[in-house]
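In what follows, a single structure is set out as C-alpha cells and then discussed.
Number of protein chains: 2
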Amino acid sequence: MVDFEIRLQEYCSLVEKELYNILNRKDSKKQVLFDAMNYSVGAGGKRIRPVLLLEFNRICGGDVRSALPFACAMEMIHTYSLIHDDLPCMDDDDMRRGKPSCHKAFGEANALLAGDALLNLAFETMLSSESNINSELKLKAAAVIGNFSGAEGMIGGQVIDLQNEGKEISEELLLTLYRDKTAALLRAASTAGVILAGGDQTKIEAADRFAEKIGLAFQIIDDILDCVGDASLLGKPIGSDEKNNKTTYVSFHGIEGAKADALRLTTEAVAALDAFEDKTFLTQLSDYLCTRKM
Amino acid sequence: MVDFEIRLQEYCSLVEKELYNILNRKDSKKQVLFDAMNYSVGAGGKRIRPVLLLEFNRICGGDVRSALPFACAMEMIHTYSLIHDDLPCMDDDDMRRGKPSCHKAFGEANALLAGDALLNLAFETMLSSESNINSELKLKAAAVIGNFSGAEGMIGGQVIDLQNEGKEISEELLLTLYRDKTAALLRAASTAGVILAGGDQTKIEAADRFAEKIGLAFQIIDDILDCVGDASLLGKPIGSDEKNNKTTYVSFHGIEGAKADALRLTTEAVAALDAFEDKTFLTQLSDYLCTRKM
C-alpha cells in the first residue's frame, strides 16, 4: 500500500507541475482568461483521469513523459466540464471543491470562455505534444478522447441529465446517463493510455471494460453517500429518501442492493485487469476509489 | 467571374452536404443536442473559412475530399463561437442570421452544450478523418487550427472584447482584438489548407499573411458599414458617430481613411498570393469579401 501511495503521489505531482507549465501564462490583455483557467484547474481534485491514463500507459510499456500531455488534456477536459456545469444556466452551483465556482470568482462570461479555452487547449496540448510516440498513435488516442468527451459521450450525458431534471427516469436511462456523464472520461483516459503505448486491441478493450465498470461503481457509491448523508442530515432512516427527489441508483435497489452492486462492479473491473501483466496499482486504485466510506 | 461563382458554389455545397452527414444524427435520448447543433450550423453564413481551407489546399495540390473534414471542422468552430457569443452572459443576442439565436430556440443550457459539442466534434472530425493525408500533416494542421481558435487566438480575442466593453481603447488594442477575434480563424483555415496539401513553409507563411490582411480588411469594412448604417438611421452626417459609442477603426481614421486602409490591406493580401501559381479564385474571393458596398 505504501508503494501505491507513492506512485499515486508521483503521478499527481507530475500532472500538476505540467498543468502549471501549460497554464501559467502572462498576457496583460487577457490575463483574466489564464487566471480563470488556472483557478479551476488548480482547485484540486483527485486527478483520477490523468492517473488512469499514465498507469495504463506504463503497464503497456509506454513512457510517462510522452503520455503526460495527454494526461493533462484529460484533466483540462474534466475541469472545463465542471466549469460549464456550474454555470447558472446549468446546475447553478456557487461552490466547487470548497471554493467559489469559476463564474462566482471571475464572472459568467469569463467562466464560459475559460471552459471553452480549456477544451480547446486540451486538444492543442495533445496535438502539438513533442514525443517519440508516433503520429498515428497520437491521432488515434486524441480521436478516442474526443469521441468519449463529445456528443456521444460526456456532453451527451450532460444533455440527458438536463432533459430529465426533476423527472422520474427508468433504470436503463439512469445507467446510460452514468455511462455517458461519468464513465466516458474514465474510459477515454484508460483506453488512450493503452493506445499511446501501442497496446493491442485486447488490451484496449480490457481497459475500456475496467473503466466503464469502475465509473458505474463510482457513481453508485456517490448515490449511496448522498443518500446516507441526506438521510442522517434530515434525521430520516437511511435509504428512505433520495437527494432532491432525484432518481438515483438507490431509488431502484435501496442502500444495501446498491452497495452489493458497487462491490460486484468493482470486482468485475478488477477482473478485466487480467489482460495486463502488472495490475497491482490499478487494483489498489479501484479499492481506493470504490470502498471509500462504504 | 462565372468560374468564380461556380467554384464558390461547389465548395459551399460540398461543405454543407458533409456537415449534414456529420451532424444529422438520431438519438431520442439527446435529440435536442443534435437539433441545436444542426440548427446553428444550418443557419447559413458564407462558409468563408471552409472555402479558404479547400482552395488553399487545392492550389497546393491537395485533394478536396481529404481536406473536407478539416473544412467542416472550421465551420463547426466558427459556429460554436457564435452560439456562445450570443448567450445572455456574453453579447445577449436574440437573433442570428435572421433567425432566433440558438439559446432563444433551444434554451441556454442546450445552447451552451451544443457549442461545447461542436467544438469537440470539430476536433473529433479532424482526428478521425480517413484519408490519404499522412498522420503527421493531419496532426500539424489540427494543432494549428487549435492554436488559432484557442486562448492565444479567437478565444483570447473574445476575452479582450469583453474586458473592454464600453471602454475607450487604443488603436493597438483594437487591432489586436481584430487579429484575434476575426483574423485568427481565417488564418487557421488558410494555413491548414496549405499544410494538409504538404505545402512548404514559404507557402504556409504566405497563406497566413493573406488571411491576416483579409481578416483586418474585412473587420474594417464591417466597421464602415455599421457606421454608415447607423448614421443614416439616425439622420446624422456619416462618419460623425460610432455604433453604441464603441471604439472602431472609423473612430481613429474616419470613413475615408478606413476605406483607404481596407483597400490597401486587400491589395497587400492579394500580393501575398504571389507565392502560389494559381491565385485567380482567391483574388476574386478577396474582391468579393472586401468590396461589398464600399
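Chains Y and A, in that order, are what the protein sequence lines are. Residue 5 is where the first sequence starts when you use our numbering, and the numbers rise one by one after that. Residue 5 is where the second sequence starts when you use our numbering, and the numbers rise one by one after that. No residue lacks a Cβ here, since even glycine has one placed at the ideal position from N, Cα and C. Model, not experiment: these values are computed from the prediction.
The beta-bridge partner set that DSSP reports for K103/A consists of R100/A. Look at I225/Y here: in three-state DSSP terms it is helix. Among the residues of the region 151 to 165 of chain Y, those with a Cβ less than 7 Å away from any Cβ of chain A are N151, S153, G154, A155, I159, G160, Q162, V163, I164, in the order of the chain. For L23/A, the nearest beta carbon of chain Y is not closer than 8 Å to its own beta carbon. Contacts with chain A at 8 Å (Cβ-Cβ) include E140/Y. Scanning the region 255 to 284 of chain A for uninterrupted beta strand (DSSP E) segments of 3 residues or longer gives nothing; none is fully contained. Per the C-alpha coordinates, the member of V55/A, I164/A, L177/A, G161/A positioned closest to A196/A is V55/A.
Shortest Cα-Cα distance from L189/A to any of E156/A, S174/A, N168/A, E260/A involves E156/A. Among the CB atoms of chain Y, none fall inside 8 Å of the CB of S44/A. For the region 164 to 185 of chain Y, the beta-carbon criterion of a distance under 8 Å to any beta-carbon of chain A is satisfied by I164, L166, Q167, L177, T180.
The Cβ atoms of S139/A and S139/Y sit closer than 8 Å to each other. Taking all protein chains in view, the Cβ of K50/A is surrounded by fewer than 16 other Cβ atoms within 10 Å, so the residue is classified as exposed. Taking C-beta atoms as the reference points, T180/A and I164/A count as a pair closer than 8 Å. Rounded to whole angstroms, A201/Y and A192/A show a C-alpha spacing of 31 Å. Per DSSP, the unbroken alpha helix (DSSP H) holding E79/A starts and ends at 68 to 90. Taking a contact as a CB-CB distance under 8 Å, the pair M80/Y and V45/Y counts as one, their CB atoms being some 7 Å apart. Between the C-alpha atoms of Q167/A and D89/A there is a straight-line separation of about 14 Å. Its chain contains F280, D282 as the residues whose beta carbon lies nearer than 6 Å to that of I63/Y, once the 5 sequence neighbours on both sides are disregarded; these appear in chain order. With respect to C76/A, E134/A sits apart: the two C-beta atoms are not nearer than 8 Å. Pairing Y43/A with R11/Y, the inter-Cα distance amounts to about 48 Å. A113/A carries a helical assignment under DSSP once its states are collapsed to helix, strand and coil. For G46/Y, there is no enclosing alpha helix (DSSP H), as DSSP gives it neither H nor E. Counting C-beta pairs with one atom in each stretch, the region 248 to 260 of chain A and the region 204 to 214 of chain A have fewer than three that are closer than 8 Å, which means they do not touch. A145/Y is positioned such that its CB atom lies no closer than 8 Å to that of R101/Y.
Interface residue (Cβ-Cβ distance to chain Y less than 8 Å): H88/A is classified as such. The beta carbon of G66/A sits closer than 6 Å to the beta carbons of L200, A201 from its chain, once the five residues preceding and following it are set aside; these are given in chain order.
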